[in-house]
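To start, the structure itself, in structure tokens.
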Amino acid sequence: MSVMFMRAQLSFEYLIIALIGLILISISIFALNKIRSNADNSYENVKFKAMKEDFFNMVDEICALGNGNSKAINLAQQITIQSDSRNNIFFLTISNNRNSAAHETSCEIDINGQFDSEITIANDNGKIINK
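In the working numbering, the protein residues as written are 334 to 464.
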């Protein structure tokens with residue numbers, strides 16, 4: 334009887350160890366998925382920030398270069414662009430589904446809508462427009 338009890342105890346111990354191993358594997362998989370999700374979010378934020386800086390710099394450059402100048406920029410993601418003015422101060426806001434950023438410029442801006450891959454802007458007598 335003692336040998337049978339020892340075999341049962343040994344099997345039970347292996348079962349407990351296997352169960353603990355499965356629990357640790359599932360916790361690891363959950364943690365890795367969470368890390369990947371956070372990394373994807375961080376990547377999207379960095380991509381938006383870089384694209385935002387490029388776009389705002391392009392608007393300022395076209396504004397400074399004067400009438401007739403235009404430039405195209407490749408957008409890394411779909412964005413919504415809105416322009417607004419208050420007291421002769423012109424604002425440009427770009428946003429995607431997670432982030433938003435505003436920029437002030439001295440040129441009048443008339444760009445509104447959603448843009449996917451590329452946008453070409455031009456200076457038309459001091460007014461920044463989508464070409």
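Think of the CB as a built atom: it goes at the ideal place given N, C-alpha and C, for glycine as much as any other residue.
Enclosing beta strand (DSSP E) for Arg419 [first to last residue]: Ile412 to Arg419
Report yes or no: do three or more beta-carbon pairs, one from the stretch 407–422 and one from the stretch 436–453, lie closer than 8 Å? yes
Inter-residue spacing [alpha-carbon to alpha-carbon] between Thr453 and Ser433: 20 Å
Please confirm whether Ala455 and Asn390 have their CB atoms less than 8 Å apart. no
Suppose you measure from the CA of Asn429 to the CA of Lys404; what does that come to, to the nearest Å? 22 Å
Would you call Val379 buried or exposed, if buried means 16 or more other Cβ atoms sit within 10 Å of its Cβ? exposed
Where Ala434 sits in the DSSP three-state scheme: strand
Please classify Phe388: is it buried, with 16 or more other beta-carbons within 10 angstroms of its beta-carbon, or exposed? buried
Pick out whichever of Ser344, Asn463 and Arg369 has its Cα sitting closest to the Cα of Ile406. Asn463
In the DSSP assignment, find the beta strand (DSSP E) that holds Lys460 and state where it starts and stops. Lys460 to Asn463
What separation, rounded to the nearest whole angstrom, lies between the Cα atoms of Ser450 and Ala364? 34 Å
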